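2 protein chains.
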Amino acid sequence: MPNSKKITVADIARQAGVSVATVSNAINNTGRMSEQTRERVQTAMKELGFVRNYSAAKLRSGRSHLVGVLVQDLSNPLYSEFASALEAELSAHGYMPILANIGEDLERQDQLLGELIGHGVAGVVVTPVARSVATQFDAIVQRQLPCITMMREVEGLAADFIGIDDFHGGYLVGEHLVQLGHHRFAMIAGLEGTTTARLRGAGFLAALSEAGIPAEQVVSLHSEPTREGGELTARKLLQQDLGFSALFCHNDIMAIGASVALRDIAGIGARKIALAGFDNLEVSAMWQPSLTTVETSAQALGKDVGALLIARLNGETGVPVRRRRKPKLVVRDSTFALREETL
Amino acid sequence: MPNSKKITVADIARQAGVSVATVSNAINNTGRMSEQTRERVQTAMKELGFVRNYSAAKLRSGRSHLVGVLVQDLSNPLYSEFASALEAELSAHGYMPILANIGEDLERQDQLLGELIGHGVAGVVVTPVARSVATQFDAIVQRQLPCITMMREVEGLAADFIGIDDFHGGYLVGEHLVQLGHHRFAMIAGLEGTTTARLRGAGFLAALSEAGIPAEQVVSLHSEPTREGGELTARKLLQQDLGFSALFCHNDIMAIGASVALRDIAGIGARKIALAGFDNLEVSAMWQPSLTTVETSAQALGKDVGALLIARLNGETGVPVRRRRKPKLVVRDSTFALREETL
DNA sequence: CTGAAAGCGCTTACAG
DNA sequence: CTGAAAGCGCTTACAG
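Top line first, the protein sequences correspond to chains A and B. Every letter in the first sequence is one number past the one before it in our numbering, and letter 201, counting from 1, is 201. Take any residue in the second sequence, note its place counting from 1, add 343, and you have its number in our numbering.
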């Protein structure tokens, strides 16, 4: 049983019969050192139950093994799957994430970024809140901390960005629904002021426009990107009897919410309105009816972001990355050809 | 625009015309200080863009604003909802979580606990991995770090525990199914060696036993507590044509997996087998058929655990808490009375 | 409140 | 490799 007194590098040095410099080198794999010496140090650390003090190391060296991860809302499966994959990637390289939900609060984002700097994180991953501006990241940029923005792009910000080709994804949905014969559409868009909402909506409308359906003919409402938001907004749309036969939702949890509204209000006729989402959550494949959607792959995003961050932490410089993965349409039961009698 | 040089308390002291001791006191709200002085310091911090260095503070004071949170798997909604609620609670009191997935790896748990100590966390929240033993927490206990175990209990560990009355939950499900007239049962239990799996199973069997159905007559298989595990194990059970009319799954994601297997194999007869889960995830209410389950309330657990941890961090000592929230049964469409023709 | 100084536990030159 | 020492940026006594 290790002694409960605090064990320092000096104790290890004494026990192993080496200098503290050597102990430090052994811990950090720096400098050359005989295998034998390294082992003596390792043994001493085990025997005494040494736990390295990252705070002290950080203070002196400036290097940190912590990374800040700010997501919009961890209870959205998209973000928890993302965070999970990212954590695995970081963990494999000796980093741990400090994680927090930003919500949709600009001030909280400022405050959290400050806290992360205070904790001395080596880098930052963030899903920027709607209406973020580049200056909010000044403190990060000045300190030259690796910073990866995810999903939502911040204009003018000199940071890496990894996301989805939202426009293309929206376009695929529009194209698909048009091909199925639909010509009256509704859209539940995401939060105003986010690039994701703007681009998905624009892509969707572009596809319709190519088919001769002008944007003005598409009923469109913004909504919180939550299940409740989707359900509530779908109810509003349905109550107005607007005669649309196809509904595009900004993401899957909103679509799932909308689907509940469709069931309730349209009853057995729920299948009369074609429904598509965005993200392809795990649950979307199993939903009844299984949901047509666009593959975002939070897992793949997490791996991508993790790999890029690790590269940056290893000193890989270069111009900021701006990468939008091309998404694929996943066609399932929730979309179907228009039959005239459904109108 | 703040200067990019690093700003220290000494700089603030100079700017505000006070001593560094006063700056420190202002930051930490310690000692008495005129409101005027406090404001002068605050102003100076704003002007110079001061960001406090938690590493230095931790090194000197031993106090930390980080908390370690180890969950089994963040991509399980139970844990992401828990983590989300816990984060909100911690954040409101100036703490941030370092978060990691343990998975089901005993060694990784050891390693992660060590890392957290190294990072100087003020306390720890952990969902212990199956087969955890108390000695694995020695390093935590010796350092007298507040430690809250969640969901799964570790025998002989002098740490707080907050979970569910798993036995009672399992019992409620058994009782409910018996009342519906079922007499042939199957169970997909959770991971072997966890208290949750053992207690939920025992409670379920106890209820059946009271109705005169001995445990030997209940087909029971263990499974990974994942959606895939649930689906796979349900397939195994269904292929054997064991004639059960009711299936109890260790948790909702397993039940959802099982539900998919029921749809596939039993086809339109999926409703012939009553299905119950445990946790009441958000998705369970919306599932088709909506899932009968036991209310775990990850959110409430997160709030509970957060509040207890904050209390401990504020120095509230006393014997370890051992709290099991009494869960409620949520009856929905997936369970129904046995009709003899379904056999 | 001030002011000067010690010290938390590391890492990092630096001379040998 | 060793050994002795400085210093990262705080907090904390301590004398005034």
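Yeah, the Cβ is synthetic: ideal placement off N, Cα and C, and Gly gets one too. Note that the structure is predicted; figures quoted are calculated from it, not measured.
Measuring alpha carbon to alpha carbon, tell me which residue in the options is nearest residue i.
i: B:H511; options: B:N368, B:T539 and B:L575; result: B:T539
i: B:A431; options: A:G94, A:A83 and A:L99; result: A:L99
i: A:K303; options: A:V41, A:A158, A:S91 and A:R14; result: A:S91
i: A:G323; options: A:A159, A:A21 and A:Y54; result: Looking at the sequence shown, residue 323 of chain A is not Gly but Arg. When only C-alpha atoms are compared, the closest one is A:A159.
i: B:S404; options: B:L585, B:A617 and B:A465; result: B:A465
i: B:Q415; options: B:G661, B:K579 and B:T537; result: B:T537
i: B:K671; options: B:A359, B:N444, B:G513 and B:A617; result: B:G513
i: A:L145; options: A:D279, A:L116, A:V51 and A:T22; result: A:L116
i: A:V218; options: A:R184, A:K236, A:A207 and A:T317; result: A:R184
i: A:P320; options: A:E35, A:S220, A:V154 and A:L281; result: A:V154
i: A:G94; options: B:G457, B:M597, B:P420 and B:K349; result: B:G457
i: B:M597; options: B:L548, B:A641 and B:G572; result: B:G572
i: A:V294; options: A:Q109, A:I162 and A:G203; result: A:G203
i: A:D138; options: A:S220, A:G156 and A:T292; result: A:G156
i: B:G446; options: A:K5, A:A85 and A:E107; result: A:A85
i: B:K689; options: A:K5, A:V141 and A:L309; result: Nothing about residue 689 of chain B can be read from this structure; chain B reaches only from 344 to 686.
Check this for me: beta carbons of residue i and residue j, under 9 Å apart or not?
i: A:V124; j: A:G174; result: no
i: A:L180; j: A:L112; result: no
i: A:L301; j: A:L262; result: no
i: B:S588; j: B:K615; result: yes
i: A:R152; j: A:P128; result: yes
i: A:R325; j: A:A285; result: no
i: B:Q631; j: A:Q240; result: no
i: B:S566; j: B:S677; result: no
i: B:I491; j: B:V469; result: yes
i: B:M530; j: B:F621; result: no
i: A:S297; j: B:L417; result: no
i: B:L391; j: B:Q358; result: yes
i: B:V394; j: B:I350; result: yes
i: A:P225; j: A:G201; result: no
i: A:H119; j: A:M96; result: no
i: B:V361; j: B:R375; result: no
Could you tell me whether the Cβ of residue i comes closer than 9 Å to any Cβ of chain A?
i: B:R570; result: yes
i: B:H436; result: no
i: B:I556; result: no
i: B:N396; result: yes
i: B:M376; result: no
i: B:S475; result: no
i: B:M629; result: yes
i: B:P471; result: no
i: B:H408; result: yes
i: B:G457; result: yes
What are the residues that DSSP puts in a beta bridge with residue i?
i: B:S563; result: B:M530
i: B:F591; result: B:M530 and B:A619
i: B:L672; result: B:V637
i: B:R667; result: B:G506
i: B:T351; result: Partner(s): none; B:T351 has no beta bridge.
Can you tell me which of the three DSSP states residue i falls into?
i: A:D160; result: strand
i: B:V467; result: strand
i: B:P440; result: strand
i: B:V648; result: helix
i: B:E659; result: coil
i: B:I370; result: helix
i: A:R68; result: The sequence shown places Gly at residue 68 of chain A, not Arg. Strand at A:G68.
i: A:I213; result: coil
i: B:T386; result: helix
i: B:M597; result: helix
i: A:S19; result: coil
For residue i, decide whether its Cβ has a neighbour in chain B, counting only Cβ atoms nearer than 9 Å.
i: A:V125; result: no
i: A:H182; result: no
i: A:E107; result: no
i: A:I98; result: yes
i: A:V283; result: yes
i: A:H250; result: no
i: A:Q136; result: no
i: A:Q217; result: no
i: A:G118; result: yes
i: A:F336; result: no
i: A:D73; result: yes
i: A:I268; result: With a pLDDT of 45 at A:I268, under the threshold of 50, the modelled position of that residue is not reliable, and no figure is offered here.
i: A:R271; result: Unreliable placement is indicated for A:R271, whose pLDDT of 49 sits below 50; the coordinate value is still reported in the next sentence. Not closer than 9 Å to any Cβ of chain B, the Cβ of A:R271 fails to qualify, so no.
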